[in-house]
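Undergrad: Numbering follows the working numbering, in which position 88 of the sequence shown is assigned residue number 1159; successive positions increment by one, without gaps. Ideal Cβ positions, reconstructed from N, Cα and C, are used throughout, including at glycine. Bear in mind the structure is a predicted one, so any value in this text is a computation, not a measurement.
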Amino acid sequence: MCQLFLYKFRAPIPESVRNSPWLWIGLAAVVIGSLVYHNFFRKTRVSPAPTHPAASGSLISYTENGRSGQVHYRSHEARFSMYYELGGGETVAGIFIPDAESWETATSLPLFRREEVLESIGRQVVTDKTGGRGHFKIEGYWLQIYH
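1. Just tell me which of Val1101, Tyr1155, Arg1185 has its CA closest to the CA of Thr1134.
2. Glu1210 bridges to which residues according to DSSP?
3. Please report the residue range of the beta strand (DSSP E) in which Ile1166 lies.
4. Helix, strand or coil: which one does DSSP assign to Glu1172?
5. Based on the DSSP output, what are the partners of Tyr1155 in its beta bridges?
6. Going by C-alpha to C-alpha distance, which of Gly1202, Gly1104, Leu1130, Arg1194 sits closest to Ile1209?
7. Comparing C-alpha positions only, which one of Gly1104, Ile1096, Thr1201, Ala1149 sits nearest to Leu1157?
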């Protein structure tokens, strides 16, 4: 199918252009430029830690990688990261949170602190990513951030 399309709709390239070394040098430059751009300029970005710590002296920072990344929590008690994906519509992002059974293993924090820590993270992410104009909800395995 693809070969039929190429045969039927390809523009004729003059023989002198096809045999020109400048065509192939230009093509090589485009390929190399694309690889350099992808490998050096589209790397994962790490947002600096916020200047205002979240409640309980914790700091929230982000590692962004296109439409997903990590939310990093750091306090004097624990350090852990949670995966996030950007949302659509009213949802700015969804942060995947550990369930109650795996909370202590994943975060090194006691289970009774889960709600407090998640609300602290939710408030800080809303402030950082919506300018404080949004809200958040804990829905199953997700901490949803809304406009």
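TA: This is what the structure holds:
1. Tyr1155
2. Trp1213
3. 1162-1167
4. coil
5. Gly1140, Ile1166
6. Arg1194
7. Thr1201
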